[in-house]
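Encoded as structure tokens, the structure appears first; notes follow it.
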């Protein structure tokens with residue numbers, strides 16, 4: 001439960017048809033295993049206490065009575081165990097039989113959720129045995145007590161405010177308007193589904209998409225437990241496909257045709273952040289009142305740091321301080337892992353960038369563009385985007401003016417790559433050596449040439465920008481900005497220097513993604529010589545080249561000065577996308593980069609990120625126009641309305657407390 005993570009599980013016991021005693025023991029064994037792994041919420045399949053395939057045996061009083069008795073045994077088994085369990089069983093009330101899910105916690109039955117939508121088509125005939133469940137909760141009898149029963153039940157955790165659980169059963173999620181829609185609107189952040197969905201060809205893919213899509217649509221966690229081996233195979237086979245999804249992402253999925261228990265740590269803070277950010281997600285209070293919802297409150301025990309570490313060690317041998325989270329943490333959240341998805345993402349982003357520039361060129365009537373081409377990654381990407389925009393407008397590429405401006409730090413490698421690149425794409429190339437102009441400027445302001453300070457560096461950047469702006473005026477064109485989002489987040493740009501342009505095509509592209517965009521272009525351009533120069537650009541260290549080279553090699557490497565961009569992009573994603581606290585980001589980074597960086601390095605650069613992020617907002621407050629390409633952006637007109645003089649003390653103090 002630390003940092004908003006909730007360990008959830010979906011378990012498929014091997015059942016015997018019409019044998020509640022045997023089935024109850026299998027369920028208790030799985031509950032015990034889940035509890036030992038720190039699971040807080042565990043979901044079992046539909047009617048698993050009797051088996052789903054009992055057919056007309058559901059009309060036998062002996063079976064129903066024994067199911068209730070075995071439920072009592074399971075309830076007693078959970079006494080003293082800090083876990084919330086949902087399991088399926090037949091439930092009698094007022095002379096009617098319902099397909100229901102029992103909610104059990106710490107030795108108590110706290111609610112019964114009946115199935116609302118009964119399939120009675122093809123291989124299903126549930127209406128023969130069961131009645132549709134009531135939406136508005138009523139009280140049902142259980143061992144001399146009254147327990148709420150109804151579809152519209154919410155189970156809210158007092159000790160974890162982000163957690164409100166609701167349940168639906170199998171077919172409920174397959175109908176046009178699933179109950180889970182109402183539940184999410186009423187405030188449920190996690191939906192559980194006790195299911196018995198049989199296997200037919202191709203059904204597993206649809207089931208996977210259905211559950212993941214539902215979790216995305218409702219901005220919720222979804223725990224789906226499906227029946228498996230042990231059910232009758234008289235006419236059907238059940239594959240036990242369990243799925244745990246979170247806001248469209250499948251956290252874990254079981255293999256089919258093998259009964260498995262799967263578990264993952266669900267990030268409730270992520271869900272809470274998403275709903276808070278979305279102004280279109282309605283107020284749940286009104287939905288609860290309109291739907292006649294009843295809220296059942298329960299509590300989990302507080303989890304100490306030592307306890308969390310112990311549970312994680314039991315789960316997968318971790319001894320990491322703070323405990324690993326039981327989920328994959330992507331070290332490159334901006335870059336899809338799957339190659340096919342990554343290529344599709346790259347093509348899409350290049351198209352968005354080019355379309356944005358195309359509109360600006362059309363609106364201004366410009367047939368000329370001016371780019372400061374350094375031979376580095378960012379200016380290379382900006383040139384490739386400009387080429388696309390010109391091609392889509394059927395403007396000759398000769399209208400692209402590539403300006404290379406050698407100065408004190410320029411190396412032969414970047415210079416030659418810039419010249420070759422401009423020639424290969426058919427742009428005009430113009431060399432303007434600014435060494436003399438900058439030297440004269442130093443004389444004018446009385447700056448010592450041997451003093452390689454911020455004035456020495458920024459004077460070169462501003463001189464280059466002045467040259468680009470003046471040439472744009474001369475040819476009647478636009479200066480195309482090259483700076484990327486990672487540099488803007490860190491403030492790694494010279495104010496009114498490379499910080500400024502007439503349209504910034506890379507302003508919402510993080511550095512880790514810039515690399516993949518250039519690589520994708522190299523792989524798909526079908527021009528070997530162009531691909532070769534692009535690959536050499538990719539192999540060149542990232543540098544502003546503002547300090548003199550050493551032995552002809554780049555002496556000023558950006559990542560040595562401000563830190564690895566893969567770390568900063570990771571921090572940027574979780575700070576802006578979900579608003580996570582520093583300690584949580586640090587914990588996630590440890591897991592994501594444990595094979596690359598030690599904890600001290602991760603903490604060092606996280607401190608650097610926060611300090612620069614807060615101190616450099618004034619540069620982002622006056623950014624040039626540019627297209628948004630992803631879910632994270634820093635434009636002051638779009639995603640990041642942040643005061644330039646906001647204090648970062650709160651965030652930095654939290655980092656100081658990390659040992």
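Residue numbers (the UniProt record's numbering): 1 to 659. Here a beta-carbon is modelled for each residue, glycine too, at the ideal position from N, C-alpha and C. The model shown is predicted, which means the values in this text are computed figures rather than measured ones.
Asked                                                                                                                             : Found
Among 380, 642, 177 and 598, the one whose alpha carbon lies nearest that of residue 618                                          : 642
Residue 278 burial status per 10 Å Cβ neighbour count (16 or more: buried)                                                        : exposed
Backbone secondary structure at residue 123 - three-state DSSP                                                                    : coil
At least 3 beta-carbon pairs within less than 8 Å: the stretch 226–233 vs the stretch 266–273                                     : no
Touch test, the stretch 488–505 against the stretch 333–345, Cβ-Cβ under 8 Å, three pairs minimum                                 : no
Where residue 627 sits in the DSSP three-state scheme                                                                             : coil
Inter-stretch contact (C-beta, 8 Å, three-pair minimum) for the stretch 11–22 and the stretch 54–70                               : yes
7 Å CB neighbourhood of residue 644 in its chain, flanking five on each side removed                                              : 617, 618 and 621
Runs of beta strand (DSSP E) wholly within the stretch 410–471 (minimum 3 residues, chain order)                                  : 428–431
Residue ranges of each alpha helix (DSSP H) within the stretch 500–565, 4 or longer                                               : 511–524, 528–539 and 558–562
Residue 261 - DSSP class collapsed to helix/strand/coil                                                                           : strand
Between the CA atoms of residue 460 and residue 180 - distance to the nearest angstrom                                            : 59 Å
6 Å CB neighbourhood of residue 310 in its chain, flanking five on each side removed                                              : The predicted position of residue 310 is uncertain, since its pLDDT is 48 and thus under 50; no value can be drawn from it.
Exposure label - residue 653; buried when at least 16 CB within 10 Å                                                              : exposed
Simplified DSSP assignment, three categories, for residue 81                                                                      : coil
Beta bridge counterpart(s) of residue 99 as assigned by DSSP                                                                      : 90
Three-way DSSP call (helix, strand, coil) for residue 20 in this model                                                            : helix
Residue from 439, 128, 25 and 521 whose Cα sits closest to the Cα of residue 351                                                  : 521
Collapsed DSSP secondary structure at residue 184 in the structure displayed                                                      : helix
Nonlocal neighbours in the same chain, by C-beta distance under 8 Å from residue 284, ignoring five residues either side          : 185, 186 and 187
Range covered by the beta strand (DSSP E) that runs through residue 284                                                           : Run containing residue 284: none in the beta strand (DSSP E); it sits in the alpha helix (DSSP H), 284–291.
Chain-order list of residues whose beta-carbon lies under 6 Å from that of residue 159 (same chain, five-residue window excluded) : 299 and 300
Exposure label - residue 80; buried when at least 16 CB within 10 Å                                                               : exposed
Helix, strand or coil at residue 473 [DSSP, three-state]                                                                          : helix
Residue 538 versus residue 463: straight-line alpha-carbon distance, rounded                                                      : 26 Å
Beta-carbon separation (whole angstroms), residue 216 vs residue 195, contact threshold 8 Å                                       : The Cβ separation is near 19 Å, so there is no contact.
Extent of the continuous alpha helix (DSSP H) run through residue 356                                                             : 339–364
Buried or exposed (CB count within 10 angstroms, at least 16 for buried), residue 337                                             : exposed
Limits of the unbroken alpha helix (DSSP H) element including residue 153                                                         : Taken as a continuous stretch (DSSP letters only), residue 153 belongs to no alpha helix (DSSP H), being part of the beta strand (DSSP E) at 153–157.
From 375, 331, 384 and 429, residue whose alpha carbon lies closest to that of residue 357                                        : 384
Rounded separation between residue 50 and residue 23 - CA only                                                                    : 7 Å
Cβ neighbours of residue 146 in the same chain (closer than 8 Å, five flanking residues each side left out)                       : 139 and 140
Alpha-carbon to alpha-carbon, residue 9 and residue 39                                                                            : 7 Å
Cβ-Cβ distance between residue 582 and residue 650 below 7 Å                                                                      : no
Which listed residue (440, 34, 422 and 571) has its alpha carbon closest to that of residue 606                                   : 571
Beta-carbon separation (whole angstroms), residue 33 vs residue 14, contact threshold 8 Å                                         : The pair is not a contact, with the Cβ atoms about 14 Å apart (cut-off 8 Å).
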